[in-house]
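Student:
Numbering (the numbering used here), first residue to last: 12 to 433.
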């Protein structure tokens, strides 16, 4: 038995999980004891790092009385403000467009409607003259008045919102139940869908189809189709470069706008559900705790998985703190940053050599504002901390070879960089 415990401990230590996450609390709100959370949950991150969460409720499990709420946090989930309450809305899907600006899809049993707010839900503008049959599987907007959307269930529709108008076109040959859409610029967008009509209870979907428009949805062209895999999500960083992900660890990459795709080694056979990008880095999530990351300019994926839940969505704020939506109706926050933000502050701090063997030298034009320097390993453990007596160098000879985070805390900001120890 003792040997089995030791072997299990070694396996856990060797498992490639290098991210730690905690569950957020406080965004659900109950006005009375008979109110029940129905499991409908979505979230997004605003450009000012605010978190918006939508959640659905029923009264005493009644199918006839239901509503949704939207909550906001401005401190990474430590405290919440309830912004919106809407009767006869079983769920919201939510997209942040700007500070206090949201696009949401409202679902009322078997009909839906898109709406926009520019004042943190104090007032709403509704798209279209009424509810649309079916549900919105995805939508993408360039601003609060202009965007594209997909519906499913009643009819597969491609919908266009522009200039105060909202209209939908039925596309009988496509299935948007799992449809995904991304707006690249004012005129170009992609749709990933199936060309086999089905329903959620059917298995073995085939014929993945990638559509492209260059005239804001007036016409669409099939740029890619296959019958071998079940693709789930995609992300284009520009008009040429994109990545698609799917079941059984599938990751494909294109450099020509989606007309041809090359496989990437994911290192997993788990199902990948969602992909996003921030500051040139890519992040994927999927089944059984799967989280993958890829640094800018690299072709290899890092396994930073956590837990055993399925993850449906990952988003990052401007500090590269990550947030997950899990299958057990929870939102998780990463305990340390998931990347390295060099951006506009790159010139304000310098350290060398990097990679480093023993003495790390640093210089900072704002040295008088420097409060502390810390170095953390890949699981967030603080290994070196200096709070005063800054002399322009650090002894890192005791660190084991590998990758670390070095954080320079100034008076009003924290600069995080990647350090390689030889």
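Don't be surprised by glycine CBs; every beta carbon is placed ideally from N, CA and C.
Please read these numbers as outputs of a predicted model, since none were measured by experiment.
When DSSP labels each residue in this structure, what does residue 403 get in the three-state scheme?
Tutor: Coil, per DSSP.
Student: For residue 297, name the three-state secondary structure that DSSP assigns.
Tutor: The answer is strand: DSSP assigns residue 297 an E or B state.
Student: I'd like the list of long-range same chain contacts for residue 247, defined as Cβ closer than 7 Å, with 5 residues on each side in sequence excluded.
Tutor: Result list for residue 247: 193, 195, 201 and 253, in chain order.
Student: Apply the 10 Å Cβ neighbour rule to residue 396 and answer buried if 16 or more other Cβ atoms are within range, or exposed otherwise.
Tutor: When all chains shown are included, residue 396 counts as exposed.
Student: Taking only runs of the alpha helix (DSSP H) that begin and end inside the stretch 164-215, which ones reach a length of at least 4 residues, in chain order?
Tutor: Segments of the alpha helix (DSSP H) lying fully in the stretch 164-215: there are none.
Student: Does the beta-carbon of residue 224 have 16 or more other beta-carbons within 10 angstroms, so that it is buried, or is it exposed?
Tutor: Under this definition residue 224 is a buried residue.
Student: Which word fits residue 319, buried or exposed, when buried means at least 16 other C-beta atoms lie within 10 angstroms of its C-beta?
Tutor: With fewer than 16 other Cβ atoms within 10 Å, it is exposed.
Student: Could you have a look at residue 153 and say whether DSSP puts it in helix, strand or coil?
Tutor: Coil, per DSSP.
Student: By how many angstroms is the C-alpha of residue 296 removed from the C-alpha of residue 16?
Tutor: Low confidence applies here, because residue 16 scores a pLDDT of 41, under 50, leaving its location unreliable; read the following figure in that light. So the alpha carbons of these two residues sit roughly 30 Å apart.
Student: Residue 136: buried (16+ other C-beta within 10 angstroms of its C-beta) or exposed?
Tutor: Result: exposed.
Student: With a threshold of 6 Å on Cβ separation, who are the neighbours of residue 328 within its own chain once the five nearest residues in sequence on each side are excluded?
Tutor: The residues are 56 and 60.
Student: Which same chain residues end up closer than 7 Å to residue 340 when comparing Cβ atoms and leaving out the 5 residues on each side of it in sequence?
Tutor: Within the same chain, residue 340 has close Cβ partners 50 and 52.
Student: Looking at residue 265 and residue 301, is the spacing between their C-beta atoms short of 8 Å?
Tutor: Contact: no.
Student: Do you know offhand how far residue 235's Cα is from residue 205's?
Tutor: Approximately 11 Å, taken between the alpha carbons.
Student: Here's the rule: buried if 16 or more other CB atoms are within 10 angstroms of the residue's CB, otherwise exposed. What is residue 69?
Tutor: By the 10 Å Cβ count, residue 69 comes out buried.
Student: Can you round the beta-carbon distance between residue 96 and residue 80 to whole angstroms, since I take them to be within the 8 Å contact cut?
Tutor: Indeed, because the Cβ distance is near 6 Å, the residues count as touching under 8 Å.
Student: Take residue 370 and list the residues in its own chain whose beta-carbon comes closer than 6 Å to its own, dropping the five residues that flank it on each side.
Tutor: Taken in chain order, the residues that qualify are 404.
Student: Mapping DSSP to helix, strand and coil, what is residue 422?
Tutor: Looking at residue 422 - three-state DSSP - the assignment turns out to be coil, as it is neither helix nor strand.
Student: Residue ranges of each beta strand (DSSP E) run of no fewer than 3 residues wholly in the stretch 54-137, ordered along the chain?
Tutor: List check, beta strand (DSSP E) in window: 62-70, 77-84, 92-98, 102-109, 112-119 and 122-128.
Student: Considering only C-alpha positions, which residue in the set 281, 238, 64 and 249 is nearest to residue 258?
Tutor: Of the candidates 281, 238, 64 and 249, the one whose C-alpha sits nearest the C-alpha of residue 258 is 281.
Student: In chain order, what residues of the same chain have a beta carbon less than 8 Å from the beta carbon of residue 356, not counting five sequence neighbours either side?
Tutor: Reliability of the predicted coordinates at residue 356 is poor, the pLDDT of 48 falling under 50, and the value obtained from them is presented with this limitation in mind. Once the five neighbours on either side are set aside, the close Cβ partners of residue 356 are 424 and 426.
Student: If you reduce the DSSP assignment to three classes, tell me which class residue 144 lands in.
Tutor: If DSSP states are grouped into helix, strand and coil, residue 144 belongs with the strands.
Student: How would you write the range of the beta strand (DSSP E) that residue 34 sits in, first residue to last?
Tutor: That run of the beta strand (DSSP E) goes 32-34.
Student: I need the DSSP call for residue 264, collapsed to helix, strand or coil.
Tutor: Strand, per DSSP.
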